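Participant: Numbering that gives the first Met the number 0 numbers the first residue of the sequence shown as 0 and each following residue consecutively.
Ideal Cβ positions, reconstructed from N, Cα and C, are used throughout, including at glycine.
Since the model is a prediction, treat every value here as computed from it, not as a measurement.
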Amino acid sequence: MTEGSENEAERPPQVTEQPLPVSQSGGHSRGLYLLVSLALLGVLIQTGLIYHLYCRLQVETSSFHSSARRFHEAVPGWKPGVESRRAAFLQRSGPAGTNGILCWSHRSFPGFLQGLLYQNCSLVFQQDGIYFLFSKLTLVERGRFFKHTVKLRMEKHNWKPVEIMQSSRILRCSGADGDHDLTSSFLGGVFRLSAGESVFVEVNNGSLVHQQSGENFLGAFMI
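Set out below in structure tokens:
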């Protein structure tokens, strides 16, 4: 045997390294960890949003109470709560008198009186305060002049009526078929009133006011 053959015989056989297989369980673990991390991140974000919303609601609530206190200070006599609110809603009752003053009723729905009096076709106020007054009339178009007024009786003017709101117009004539169209007049405003003062509605021609009570009303409420 030659020397070269001997060296080849003594040389150990070469071993080819094979890559180790990747564990499938390890891949599943990493995926599960990623999902849990995303879920926790979502919970943290949601918690932050809820906390932000809570803080915002607290600020708005505090601002509301602060505004209510300022309003209370600016309007003497104002008290929160439904029971303390003085209000009335009256519907027309019967034709106008010879003096043009309209009379009203609070006994049929939805009329009511709360903290005010109704006397001699007038609303009488029992407490000083700021009130919103309103009156609405439905009119029959007959080609005539019409004036709708709200008047106030107050001690400052020796209880003589003072006009505080008015609307006047010339109504259109009826159509060729003889039917009369309807229109409306609305008055509304805010006034500081004192106990004992009263308001009433006066028109220059009661025959032009539509007869249905639900279409004509007088009201007031404290603000």
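Taking F111 as the reference, give the member of F124, L101, H51 and Q90 with the closest Cα.
Facilitator: For the residues F124, L101, H51 and Q90, the minimum Cα distance to F111 belongs to Q90.
Participant: Exposed or buried, which one is N119 when buried takes at least 16 other CB atoms within 10 Å?
Facilitator: N119 comes out exposed.
Participant: Where does L116 fall in DSSP's three states?
Facilitator: Residue state, collapsed to three classes: strand.
Participant: Run through DSSP, which three-state label would E201 get?
Facilitator: Three-state DSSP puts E201 in a strand.
Participant: Which residues in the same chain have their Cβ closer than 6 Å to the Cβ of F88, if we skip the five residues on either side of it in sequence?
Facilitator: Excluding sequence neighbours, F88 sits near G110, F111 and G218.
Participant: Quick one: what's got a C-beta closer than 7 Å to L186's C-beta in the same chain, skipping five residues either side?
Facilitator: Closer than 7 Å at the Cβ level, and outside the excluded window around L186, lie F133, S134, H147, V149, M164 and S166.
Participant: Given that a residue counts as buried once 16 or more other Cβ atoms are within 10 Å of its Cβ, and exposed if not, what is W103?
Facilitator: That one is buried.
Participant: With A95 as the anchor, note down where its beta strand (DSSP E) starts and where it stops.
Facilitator: No beta strand (DSSP E) holds A95; DSSP gives it neither H nor E.
Participant: Taking buried to mean at least 16 other C-beta atoms within 10 Å of its own C-beta, is G93 buried or exposed?
Facilitator: Looking at its Cβ environment, which holds fewer than 16 other Cβ atoms inside 10 Å, G93 is exposed.
Participant: Would you kindly work out how many angstroms separate the C-alpha atoms of N98 and R191, rounded to a whole number?
Facilitator: Whole-angstrom Cα-Cα distance: 27 Å.
Participant: In this structure, does DSSP put G195 in helix, strand or coil?
Facilitator: If DSSP states are grouped into helix, strand and coil, G195 belongs with coil.
Participant: How far does the beta strand (DSSP E) with F108 in it extend, from its first residue to its last?
Facilitator: Looking at the DSSP string, F108 is not in any beta strand (DSSP E), and its letter there is neither H nor E.
Participant: Within 10 Å of its beta-carbon, does F144 have 16 or more other beta-carbons around it, so buried, or fewer, so exposed?
Facilitator: Classification for F144: exposed.
Participant: I need the DSSP call for L34, collapsed to helix, strand or coil.
Facilitator: Residue state, collapsed to three classes: helix.
Participant: Within 10 angstroms of its Cβ, does Y50 collect 16 or more other Cβ (buried), or is it exposed?
Facilitator: Exposed, by the Cβ-count rule.
Participant: Under a Cβ-count criterion, where at least 16 other Cβ atoms within 10 Å of its own Cβ denotes burial, should V208 be classed as buried or exposed?
Facilitator: With 16 or more other Cβ atoms within 10 Å, it is buried.
Participant: Taking the alpha carbon of H105 as the reference point, which residue from A95, G96 and Y117 has its own alpha carbon closest?
Facilitator: Among A95, G96 and Y117, the Cα nearest to that of H105 is on Y117.
Participant: If you drop the 5 nearest sequence neighbours on each side, which residues of the same chain put their C-beta closer than 8 Å to that of E140?
Facilitator: L170, R171, C172, S173, H179, D180, L181 and T182, listed in sequence order.
Participant: Select from F108, L138, L101 and R84 the residue whose C-alpha is nearest the C-alpha of Y130.
Facilitator: It is R84.
Participant: Please give me, in chain order, every unbroken run of the beta strand (DSSP E) with length at least 3 that falls completely inside the region 116-169.
Facilitator: With a minimum length of 3 residues, the continuous beta strand (DSSP E) runs that stay inside the region 116-169 are 121-124, 128-139, 144-152 and 160-169.
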